[in-house]
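Asks: Going by the numbering used here, the residue at position 213 of the sequence shown is 198; the numbering climbs one at a time, nothing skipped. Every residue gets a Cβ at the ideal spot worked out from N, C-alpha and C, and that includes glycine. Treat the numbers as computed from the prediction; the structure is a model and nothing was measured. Below are the structure tokens for one structure; questions will follow.
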Amino acid sequence: MKTQRTDLAMEVHELLKEKNKPMDGIISTEETIGHSKVTTIKIENEQGETCAGKPQGTYYTLDIGQVWMDDAEDYREKVMALKEIIARSIQKYPDTGCAFVAGLGNRAITADSVGPNAVSHIIVTRHIREARPELFTNLGFSEIAAISPGVLGETGIESAEVLSCIANRIKPKFLVVIDALASRRISRLATTIQISDSGINPGSGVGNNRPAIDQKHLGLPVIS
């Protein structure tokens, strides 16, 4: 059911309801964490995949509002809500091992720069663990590696190819992919965060399908 340009599972669910389409294998629930509304869409089977046009998995959507208008306390509440959802998404994986983070997108284009900008603020520690194990232990941080692989037009290499090669070398426990998503509503721009355990198809929300970045193709869990 890929008739609308959106990456958000919540919006796909809305469209199915609006058009009275079947939603077998799709479950939607809502909750509030702090002041943030969280919508959870679970696509449970192949029937759900067919109805939604998205792979099986759990999709969390956080409505964080206009964070640039928040005071420090409200901003912190929303950060903690995001932390809670990320924790849910990775809790089934081992505490030890490297977490690999990739920021997709074009740094030179504002609307597509979320991934590279996010990665630039991540504290990477994998090199410290390898070079100074005692210092790494004393820091109390997780082992993290991060990269912004650029875009095909700049590098001539698909992001999926870059990430697959690196993952094969460093053997992370999982991959976290950060990317800008397409929405069918202007009100959701810069106010909505989706986190899923099904991987990502870069560009699919605007009809520019690139190779998938998911467990099937990379051989490791992908949170996006």
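Would S168 and D(-8) be called neighbours here (beta carbons separated by less than 9 Å)?
Replies: Here residue 168 corresponds to residue number 183 of the sequence shown, with the count starting at 1. Here residue -8 corresponds to residue number 7 of the sequence shown, with the count starting at 1. Their beta carbons are under 9 Å apart, which means S168 touches D(-8) by this criterion.
Asks: Which one of A152, M(-5), G19 and D55 has the shortest CA to CA distance from H202?
Replies: As a working mapping, residue 202 is identified with position 217 in the sequence shown. Measuring from the Cα of H202, the nearest candidate turns out to be A152.
Asks: Just tell me which of G10, P7, T25 and K4 has its CA closest to the CA of A212.
Replies: Nothing can be reported for residue 212: it is not among the residues displayed for the chain, which extend from -14 to 209.
Asks: Using the Cα positions of S172 and S183, report the straight-line distance between them to the nearest angstrom.
Replies: One-based indexing of the sequence shown puts residue 172 at position 187. One-based indexing of the sequence shown puts residue 183 at position 198. So the two alpha carbons sit approximately 25 Å from each other.
Asks: Quick check: the Cα distance between N5 and E15, rounded to an integer number of angstroms?
Replies: As a working note, residue 5 is residue 20 in the sequence shown. As a working note, residue 15 is residue 30 in the sequence shown. If you take the alpha carbons of N5 and E15, they lie about 20 Å apart.
Asks: CB T176 to CB V64, shorter than 9 Å?
Replies: Position 191 of the sequence shown, counted from the start, is the residue given in the question as residue 176. Position 79 of the sequence shown, counted from the start, is the residue given in the question as residue 64. No, the Cβ-Cβ distance between T176 and V64 is not below 9 Å.
Asks: Can you name, in chain order, every residue of its own chain whose Cβ lies under 6 Å from the Cβ of Y78, other than the five neighbours on each side?
Replies: The count along the sequence shown starts at 1 and reaches residue 78 at position 93. Excluding residues within five positions, the ones whose Cβ falls inside 6 Å are K158 and F159.
Asks: Only counting the same chain, and skipping five residues up and downstream in sequence, which positions put a Cβ closer than 6 Å to that of E31?
Replies: One-based indexing of the sequence shown puts residue 31 at position 46. Counting only Cβ-Cβ distances below 6 Å, and skipping sequence neighbours, we find nothing.
Asks: Buried or exposed for T122, please, with buried defined as at least 16 other CB atoms from any protein chain shown within 10 angstroms of its CB.
Replies: Within the sequence shown, numbered from 1, the residue matching residue 122 stands at position 137. The residue is exposed, with fewer than 16 neighbouring Cβ atoms inside 10 Å.
Asks: Strictly by DSSP, which residues pair up with D48?
Replies: The residue labelled residue 48 in the question sits at position 63 within the sequence shown. Looking at the DSSP assignment, D48 forms a beta bridge with K22 and T177.
Asks: Between which two residues does the beta strand (DSSP E) containing A93 stretch?
Replies: Position 108 of the sequence shown, counted from the start, is the residue given in the question as residue 93. Counting along the chain, A93 falls outside any beta strand (DSSP E), and DSSP gives it neither H nor E.
Asks: Please tell me whether M8 and G42 are closer than 9 Å, where the distance is taken between their beta carbons.
Replies: Along the sequence shown, read from residue 1 onward, the residue named residue 8 stands at position 23. Along the sequence shown, read from residue 1 onward, the residue named residue 42 stands at position 57. Contact flag unset, no.
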